[in-house]
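Working notes, structure below.
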Amino acid sequence: MKDRHLDRDVLARFENLRAQERHEVLAHTQRCGDCRRRLAEACPSYLFALLGSEAIPSGALDRLSARINDEIDRLEDVNRRGRWPAWWSMAASLLLGAIIGGFLLVQPDAPAVRRAQLPDLRGPDEPIRAIEVLSTPSEAKVLDLMVGDTEIVMIFDEELDI
Amino acid sequence: MRPDQDDLELIRAAAAGDRRAFDELIRLKRERVVRAAYQITGDLEDALDVAQSVFLKLWRGLERFDPHRRFDTWVYRITVNAAIDMLRSRGPRGAMQPLPEDPAELGRAAGLDQEESLDRRRLQQAFLHLAARLAPRQRAVFVMREIEGLATAEVAEALGVTESTVRNHLLQARRALRAGLQRDYPGLVPEPPHDDDGGRE
């Protein structure tokens, strides 16, 4: 179908032409006013198929490529920088873990010694005699605890500024 | 934008992070992406923004591309969705302008007569004007099917709709454009010839 005028068969099949045949038909129709007329008679909106070969200014396309490359450079740079803190924090965690682990290995009974040094606050025969939970207008919680003869008052208040 | 082995090689290389392969992929696809976006948005700068977002999405998601499917359909899908989003978020423009003349294209058109050159510019202006009245999906279907020449099945796949929906959108778009052409641009639709001999080779 090299540079031949459009016939009825081609016009009837226009919608279903293969890509190559369609390209040739439209290339011819660009140049041939008679065939454009025939195409418009078959269906006026077929004329808009001629816009499929509309050229985009090459300057705009080059600008687009440059913009895309700049943006990819920027994204890769951000990714590279974003990855370092994660590596650093992972390395620091490992180092800290190794230090604590090493310390415990060298002094395996250190926690037990410290526990033995704590004063015994309550003897086994001294029951908790009263627990009273009070609420205050400021939503603070007050826990009144009697251990033997000792009264312990605990105040839980998020607004309390000490 | 026919898929071929070269495309697949480029896609694989670009998906593996090869910037030169991706540059080549951009060079091969950019004009059709910009043109499709332009015919939907009606504005070259908007079309360039859409194309930029399309290629960045491709860069980030190329490894997800299924090589058993058509790459071009996938690219069209991203392009059309981005262009429709742009059209909806931006709202209708006032007067839309045809593409600026490309010096290289002007050189190629030098052999054509003055009437032919005017015809293309007016045709583009008519399309931008009349297509602005179409719903975004109708416009996208018309651009892909009629201007870019995709098959109905490809348009349906790109838009994630059935083929009958595509045909329905196309029918409505054609009807509206035909009426607009005859009403507003009678010079673009020639009078029926009186000496119709038909079947001329």
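Quick note, the sequences are listed as chains A and B, same order. In case it helps, our numbering puts the first sequence at residues 1406 to 1567. In case it helps, our numbering puts the second sequence at residues 5 to 205. A virtual CB, placed ideally from N, CA and C, is assigned to each residue, including glycine. A quick note: this is a predicted structure, and the numbers were derived from the prediction, not measured.
- With a cutoff of 7 Å on beta-carbon distance, A144(B) and I30(B) are scored as not near each other.
- Between the C-alpha atoms of L1431(A) and F1453(A) there is a straight-line separation of about 10 Å.
- Under the Cβ criterion of 7 Å, F1453(A) is counted among the residues facing chain B.
- Counting C-beta pairs with one atom in each stretch, the stretch 1426–1444 of chain A and the stretch 1463–1470 of chain A have fewer than three that are closer than 8 Å, which means they do not touch.
- With the criterion set as a beta carbon lying under 9 Å from some beta carbon of chain A, the members of the stretch 55–73 of chain B are A55, Q56, F59, L60, W63 and R64, in sequence order.
- Residues of chain A whose Cβ lies closer than 7 Å to the Cβ of Q142(B) do not exist, since the nearest Cβ in that chain is about 12 Å away.
- Taken through DSSP and simplified to helix, strand or coil, F146(B) comes out as helix.
- Comparing C-alpha distances from R1472(A) to each of R36(B), A183(B), A40(B) and A55(B) shows the shortest one belongs to A55(B).
- Beta-bridge pairing by DSSP links F1561(A) to K1546(A).
- Under the three-state reduction of DSSP output, V58(B) falls in the helix class.
- The C-beta of G184(B) comes no closer than 7 Å to any C-beta of chain A.
- Look at the stretch 142–176 of chain B: the residues with a C-beta under 7 Å from a C-beta of chain A are E150, I151, E152 and G153.
- Neighbours of V38(B) in chain A, taken as residues whose beta carbon is under 9 Å from its own, are I1461, A1465, L1466 and L1469 in chain order.
- T1555(A) carries a strand assignment under DSSP once its states are collapsed to helix, strand and coil.
- Comparing alpha carbon positions, the residue from W78(B), L127(B) and R36(B) closest to I1461(A) is R36(B).
- DSSP, reduced to helix, strand and coil, places H133(B) within a helical segment of the structure shown.
- Annotation: Cβ neighbours of I1473(A) in chain B (cutoff 7 Å, chain order): I30, Q56, F59 and L60.
- Chain-order list of chain B residues neighbouring A1447(A): empty, with the shortest C-beta distance near 11 Å, by a criterion of under 7 Å.
- Identification of residues in the stretch 1421–1432 of chain A having a C-beta nearer than 7 Å to some C-beta of chain B yields A1424 and R1427, given in sequence order.
- Between L163(B) and R34(B), the alpha-carbon positions lie close to 20 Å from each other.
- A distance below 7 Å between beta-carbons, with the five flanking residues on each side excluded, links Q142(B) to the following residues of its chain, in chain order: H173, Q176 and A177.
- For T166(B), there is no enclosing alpha helix (DSSP H), as DSSP marks it with neither H nor E.
- Within the same chain, Cβ atoms closer than 6 Å to the Cβ of L181(B) are found at L134, the five residues on either side in sequence being excluded.
- Between the stretch 142–161 of chain B and the stretch 74–85 of chain B there are three or more inter-stretch CB-CB distances shorter than 8 Å, so the stretches are counted as touching.
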